[in-house]
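Here my numbering = 1-based position in the sequence shown + 26.
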Amino acid sequence: ILALTGLNITYGKYVLMPLIGKGAFATLSAAGKWLHNYVAFAFTVGLVMIFVLWVKDNIPNRYDLTWLAKGGGLFVKGVHPPSKKFNAGQKLIFWSVVLGGTSLILSGISLLFPFQFAMFAKTFAILNIFGFDLPTQLTPIQEMQYATLWHAIVAIGLICIIIAHIYIGTIGMEGAFDAMGSGEVDINWAKEHHSIWAEEVLAASAAPKRKGKRKGGSAAAPAE
């Protein structure tokens with residue numbers, strides 16, 4: 027919803043209005059703007075939730091370097107570099123969504139409440155510490171212009187990333203779509219694509235069985 031309504035705000039005048047007319051476009055855009063503003067709060071809640079749920083599995087580790095060095099196995103058929111629950115590519119998408127989404131939220135707040143927050147002057151001042159030469163004396167109008175531009179750039183970047191992710195998660199990788207629907211993957215698929223994680227899961231599931239066998243063995247052992 028956010029992507030479609032945002033694209034309509036940016037390009038609808040040039041793409042959609044000639045097709046449906048000014049009146050219909052005005053009605054559609056007014057409804058889209060309302061949806062965009064309020065669905066943004068659900069996006070914020072969702073971003074917090076995915077961060078809390080998955081951040082522990084998306085911390086970079088040494089296996090990610092190997093995965094990246096081998097290009098994720100994309101260039102050699104049948105080769106899948108070892109990885110944990112999330113591989114380096116999935117982690118890149120996760121952090122792109124978290125960081126990009128946070129940036130969208132901040133610039134979106136500036137647009138929802140115009141002329142209330144001077145975010146870019148402060149951001150530019152921090153960047154100048156690292157050698158940049160950015161203006162820090164911005165007028166309220168300039169602040170809004172930067173917020174609008176940045177919001178659009180980050181949004182389009184995230185849309186492209188998510189489209190690529192949707193492709194890989196549906197027809198681009200066998201078994202990935204079923205995993206999204208059920209929340210489970212076949213053990214052979216896990217061994218092939220996330221071998222280290224599969225080993226950890228199998229070891230954890232085997233531990234209680236071994237413990238049960240030991241208890242059962244001692245109970246059935248003959249008395250001395």
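All residues carry an ideal CB built from backbone N, CA and C; glycine is no exception.
Put simply, of Ala50, Val105, Glu210, Phe139 the residue whose alpha carbon is nearest the alpha carbon of Ile167 is Phe139. Between Ser133 and Leu184, the CB-CB gap reaches or exceeds 9 Å. Gly115: member of the alpha helix (DSSP H) spanning 114-138, first to last residue. At the C-beta level, Leu153 and Leu164 stay beyond 9 Å of one another.
When rounded, the separation of the alpha-carbon atoms in Lys59 and Ala95 is 43 Å. Fewer than three beta-carbon pairs drawn from the region 75-85 and the region 38-54 are found closer than 8 Å, and the two stretches are therefore not classed as touching. A direct Cα-Cα distance of roughly 43 Å separates Asn63 from Glu226. For Lys39, the enclosing alpha helix (DSSP H) stretches over residues 28-41.
Taking C-beta atoms as the reference points, Ile27 and Leu61 count as a pair closer than 9 Å.
In the displayed model, Lys148 falls within a helix according to three-state DSSP. Here Ser55 carries a helix assignment [DSSP, helix/strand/coil].
In the pairwise beta carbon analysis, the region 208-224 is classified as touching the region 106-123: at least three pairs are separated by under 8 Å.
Between Leu130 and Phe67, the CB-CB gap reaches or exceeds 9 Å. The C-beta of Thr31 has 16 or more other C-beta atoms within 10 Å across all chains shown, which makes the residue buried. Within the same chain, Ala202, Phe203, Met206 come within 8 Å of Gly195 by CB-CB distance, once the 5 residues on both sides are set aside. In the structure shown, Ser221 falls within a helical segment according to DSSP collapsed to helix, strand and coil. Short of 6 Å from the beta carbon of Phe143, and not among the five residues preceding or following it, lie these beta carbons of its own chain, in chain order: Ser136.
Secondary structure of Lys48 (DSSP, three-state): helix.
A straight-line Cα-Cα distance of about 31 Å links Phe150 and Gly38.
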